[in-house]
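Engineer: My questions will all concern the structure given below.
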Amino acid sequence: MRLGIKNYKPGEKVIVRCGEYEIGVAKIYEVNIKRFREIDEIDVLLDGYGSKEELKRALEKFYGKFAEDDIFTQIVFDLCEIK
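This is how it looks when you write it as structure tokens:
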């Protein structure tokens with residue numbers, strides 16, 4: 000999940016970073032725009048979390064506090080190359 004509306008497209012390949020390190024290349028399969036209150040259990044699992052509250056805590060570490068009506072971009076991808 001990324002806060003705000005991001006301009007990613009299915010089929011696009013992107014570099015995956017962890018902090019300042021490049022860890023691989025991913026192929027984007029799906030991009031969804033949702034308000035946080037619209038995020039459901041499947042979205043939470045796709046992002047790798049066990050609960051919506053756990054996802055919220057992780058997002059707040061990056062973005063600080065946000066409202067239930069704030070918009071997020073969900074990027075569904077597969078890692079296709081590891082560096």
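Quick note on numbering that gives the first Met the number 0: the sequence shown kicks off at 0 and runs consecutively.
All C-beta atoms in this analysis are idealised placements derived from N, C-alpha and C, irrespective of residue type, glycine included.
#1: My guess is that K51 and I27 are in contact by the Cβ rule of under 8 Å, so how many angstroms apart are they, rounded?
#2: Which of the three DSSP states, helix, strand or coil, is assigned to A25?
#3: Evaluate F61 with the Cβ neighbour count: other Cβ atoms within 10 Å of its Cβ, from every protein chain shown; 16 or more gives buried, anything less gives exposed.
#4: Report the residue ranges of all alpha helix (DSSP H) runs contained in full by the region 37-82; include only those spanning at least 4 residues, in chain order.
#5: Any chance the CB of K60 is under 7 Å from a heavy atom of the ligand GTP?
#6: Which residue from I81, Q73, E80, D77 puts its Cα closest to that of D39?
#7: Does any C-beta atom of chain B lie closer than 8 Å to the C-beta of I81?
#8: Looking only at DSSP bridge pairs, what is Y7 linked to?
Structural biologist: Once the coordinates are examined:
#1: In fact, because the Cβ distance is near 23 Å, the residues do not count as touching under 8 Å.
#2: Strand, per DSSP.
#3: With fewer than 16 other Cβ atoms from the protein chains shown falling within 10 Å of its own Cβ, F61 counts as exposed.
#4: Taking only runs of at least 4 residues, the alpha helix (DSSP H) segments lying wholly in the region 37-82 are 40-45, 51-62.
#5: Because no ligand of any kind appears in the structure shown, any question about the ligand GTP cannot be addressed here.
#6: For D39, the nearest C-alpha among the options comes from Q73.
#7: Protein chains in the displayed structure number just one, and chain B is not present.
#8: Answer is none; Y7 lacks a bridge partner.
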